[in-house]
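Written below as structure tokens is the structure these notes are about.
Protein chains in written order, with this note's numbering: chain A, 247 to 378; chain B, 247 to 378; chain C, 247 to 378; chain D, 247 to 378.
In structure tokens:
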């Protein structure tokens, strides 16, 4: 599953939409550069920060039932939206520092997940692939 | 920072590049549907799974120094690449279930981060905005 | 591995029971010393490892409903028991490296929790103290 | 908050010291009962909460170097002490709900760790046992 090449716009053509992952990666590079934050952004520290944000994303749900978690009050949803954003930003930043193309990595993982979880075996089951 | 609208291709024009986040979101919908996994994919459970993957991403780094974390052996990098992918996939899935546009949320958070961390105050400092 | 009682029993006296937290702290010191692991056991690395183990503890629960989580199959409970142990071991080790008396810290926190969550206000509510 | 000794002292006998884990377990039972919190304390929710606290414990360290993490300013150490306490409290509570004796589980895990990491092979190495 590969994206078509970006083409040079000519008159009458609309330019190809910028890929959000790339756009955010570049914005984060500028953000860190302006603030001299690169020395702090070692992969280990970024992996720590991402883990912390993932837990901040989990916190609003911790005492909810599964059903309640699907009908969040607007205030909670607003907060969760910010935490989703925080996780994505650190994920993009960490992938960038490690020279990993996030979208390609995700596509490759989806393909190997399809092999690990063939429909016939995995349908309706939450079992890990090692137990299918 | 909003993306231009996708335009309907006409002859001679190239179609706009599919956004990776949207493409992966749709692939994940199909993946879960084929396997009857939607009942398991409550927001709370997805938030748990994302947190678990974030920790699996941290684990290869836990005993490394900051410097070592920037020069991972190929085998470790291969593993980390898969964990980056796992985090992205759960993040996209969770945002989808909550009807949150991940890219928009990330752009909005970057803007508010710029206000919380003005360059003049934040330059060269790892302090949290509450302590600037 | 049970610790010997701390005092030599004499007739008429019962020996004081060794405190498990202290016993495990000492066992972990010996374990790390024998293996030359102290250089790896910086507080940051131990905090990472603890976070990773906490997620390994969460993983068996991630697709379960709240009700299912209270009736784990024996195999799962066996696994969860090991993860509970891993979290405790890293917690004791990290507290030791930071010279923190874990039991005292926990008692103090319980007291401040009682002030943050007075029975009259907190009864039957999962709200955070900032929202009571 | 110190627990009263478990036996009534009679002349010539010293009372056995209460084990901190047991004392805190009982204090947590009372705390939750007084506030009608037991319905919220399903194992899944407690495992979520523990994971969240483990991340709050990691956060003060995320931008520090390994060396800095060993010399925390007093204010930071005070905060970290509270997070260590939070992790212990949720760990004790979760083990209680699952009928797991935490100290016994930790001792058993230390023993199996000694087998997985024999001194001769593990000395000076941070490798996981699967790679020794």
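Every residue gets a Cβ at the ideal spot worked out from N, C-alpha and C, and that includes glycine.
query = Looking at C-alpha atoms only, which residue of 299/A, 284/A and 346/A is the closest neighbour of residue 336/A?
reply = Start at 1 with the first residue of the first chain, and residue 336/A comes out as number 90. For residue 336/A, the nearest C-alpha among the options comes from 299/A.
query = Are the C-beta atoms of residue 370/D and some chain B residue less than 8 angstroms apart?
reply = In the fourth chain, counting from the first residue as 1, residue 370/D sits at position 124. It does not; no Cβ of chain B falls within 8 angstroms.
ask   = Any beta-carbon of chain A closer than 8 angstroms to the one on residue 358/D?
value = By one-based count along the fourth chain, residue 358/D stands at place 112. Residue 358/D does not count as touching chain A.
query = Going by the C-beta, is residue 359/D closer than 7 angstroms to any heavy atom of the ligand MG?
reply = With respect to the ligand MG, the structure offers nothing, as it holds no ligand at all.
Same chain, Cβ closer than 7 angstroms to residue 368/D, neighbours up to 5 away in sequence not counted = Translated into the one-based positions of the fourth chain, residue 368/D becomes position 122. These residues qualify, in order along the chain: 378.
key: Buried or exposed by the 16-neighbour rule on C-beta atoms within 10 Å, applied to residue 353/B   = The residue labelled residue 353/B in the question sits at position 107 within the second chain. Flag for residue 353/B reads buried.
key: Three-state class that DSSP yields for residue 363/C in the structure shown   = Start at 1 with the first residue of the third chain, and residue 363/C comes out as number 117. Of the three classes helix, strand and coil, the one that applies to residue 363/C here is coil, per DSSP.
query = What span of residues does the alpha helix (DSSP H) with residue 312/A cover, start to end?
reply = The count along the first chain starts at 1 and reaches residue 312/A at position 66. Residue 312/A -> alpha helix (DSSP H) spans 312 to 315.
message = Pairs of beta-carbons, one from the stretch 280 to 294 of chain C and one from the stretch 294 to 313 of chain D, closer than 8 angstroms: are there three or more?
response = yes
ask   = Taking DSSP as the reference, what is the three-state secondary structure of residue 350/A?
value = For the purposes of this step, residue 350/A is taken as the residue at position 104 of the first chain. Helix at residue 350/A.
query = If we cut at 8 angstroms on Cβ distances, does residue 378/A have a partner in chain B?
reply = The count along the first chain starts at 1 and reaches residue 378/A at position 132. Residue 378/A does not count as touching chain B.
key: 7 angstroms Cβ cut-off: residues of chain C touching residue 323/D   = Taking the fourth chain and counting its residues from 1, the one referred to as residue 323/D is at position 77. In chain order: 344.
request  = Kindly indicate which three-state DSSP category residue 372/B falls into: helix, strand or coil?
outcome  = Counting from 1 along the second chain, the entry for residue 372/B is found at position 126. Note: residue 372/B maps to coil in three-state DSSP.
inquiry  = With a threshold of 8 angstroms between beta-carbons, can residue 265/B be considered close to chain A, or not?
reply    = Taking the second chain and counting its residues from 1, the one referred to as residue 265/B is at position 19. Yes, contact with chain A.
inquiry  = When you compare the stretch 326 to 333 of chain C with the stretch 338 to 353 of chain D, are there three or more beta-carbon pairs, one atom per stretch, that lie closer than 8 angstroms?
reply    = yes
query = Cα separation between residue 341/A and residue 334/C?
reply = Translated into the one-based positions of the first chain, residue 341/A becomes position 95. Translated into the one-based positions of the third chain, residue 334/C becomes position 88. Cα to Cα, residue 341/A sits roughly 32 angstroms from residue 334/C.
request  = Check residue 385/C in the structure and name its three-state DSSP category.
outcome  = The structure shown does not extend to residue 385/C, since chain C spans only 247 to 378, so no value can be given for it.
ask   = How big is the Cα-Cα spacing for residue 364/C and residue 264/B?
value = The sequence position of residue 364/C within the third chain is 118, counting from 1. The sequence position of residue 264/B within the second chain is 18, counting from 1. If you take the alpha carbons of residue 364/C and residue 264/B, they lie about 54 angstroms apart.
ask   = If you draw a straight line from the C-alpha of residue 280/A to the C-alpha of residue 344/B, how long is it?
value = Locating residue 280/A in the first chain gives position 34, where the first residue counts as 1. Locating residue 344/B in the second chain gives position 98, where the first residue counts as 1. About 33 angstroms.
message = Report the CB separation of residue 297/B from residue 304/A in whole angstroms; it is logged as a contact under 8 angstroms.
response = Position 51 of the second chain holds residue 297/B. Position 58 of the first chain holds residue 304/A. Indeed they touch by this definition, with Cβ atoms about 5 angstroms apart.
query = On the three-state DSSP scale, how would you describe residue 306/A?
reply = Taking the first residue of the first chain as position 1, residue 306/A is located at position 60. In the structure shown, residue 306/A sits in a helix (DSSP, three-state: H, G or I).
key: Distance between beta carbons of residue 338/A and residue 271/A, contact taken as under 8 angstroms   = Position 25 of the first chain, counted from the first residue, corresponds to residue 271/A. Position 92 of the first chain, counted from the first residue, corresponds to residue 338/A. At roughly 5 angstroms, the Cβ-Cβ gap stays under 8 angstroms, so residue 271/A and residue 338/A are in contact.
query = Applying the criterion that 16 or more other CB atoms from any shown protein chain within 10 Å of the CB defines a buried residue, is residue 302/B buried or exposed?
reply = Along the second chain, read from residue 1 onward, the residue named residue 302/B stands at position 56. Buried, because 16 or more other Cβ atoms sit within 10 Å of the Cβ of residue 302/B.
key: Beta-carbon neighbours of residue 295/C, restricted to chain B and to distances below 7 angstroms   = Counting from 1 along the third chain, the entry for residue 295/C is found at position 49. Going along chain B in sequence order, the residues near residue 295/C (Cβ under 7 angstroms) are 308.
message = When you compare the CB of residue 311/B with every CB in chain D, is at least one pair closer than 8 angstroms?
response = Position 65 of the second chain, counted from the first residue, corresponds to residue 311/B. It does: the Cβ of residue 311/B has a partner Cβ on chain D nearer than 8 angstroms.
task = Would you kindly work out how many angstroms separate the C-alpha atoms of residue 322/B and residue 286/D, rounded to a whole number?
result = The sequence position of residue 322/B within the second chain is 76, counting from 1. The sequence position of residue 286/D within the fourth chain is 40, counting from 1. Going from the Cα of residue 322/B to the Cα of residue 286/D covers about 39 angstroms.
message = For residue 347/A and residue 346/C, I'd like the C-alpha separation in whole angstroms.
response = Counted from its first residue, the first chain places residue 347/A at position 101. Counted from its first residue, the third chain places residue 346/C at position 100. The alpha-carbon atoms of residue 347/A and residue 346/C are separated by roughly 42 angstroms.
task = Would you check if the distance between the CB atom of residue 356/B and the CB atom of residue 273/A is smaller than 8 angstroms?
result = Start at 1 with the first residue of the second chain, and residue 356/B comes out as number 110. Start at 1 with the first residue of the first chain, and residue 273/A comes out as number 27. Against a cut-off of 8 angstroms, the Cβ pair of residue 273/A and residue 356/B comes out as a contact.
key: Distance between beta carbons of residue 289/B and residue 278/A, contact taken as under 8 angstroms   = As a working note, residue 278/A is residue 32 in the first chain. As a working note, residue 289/B is residue 43 in the second chain. Wrong, their Cβ atoms sit about 31 angstroms apart, outside the cutoff.
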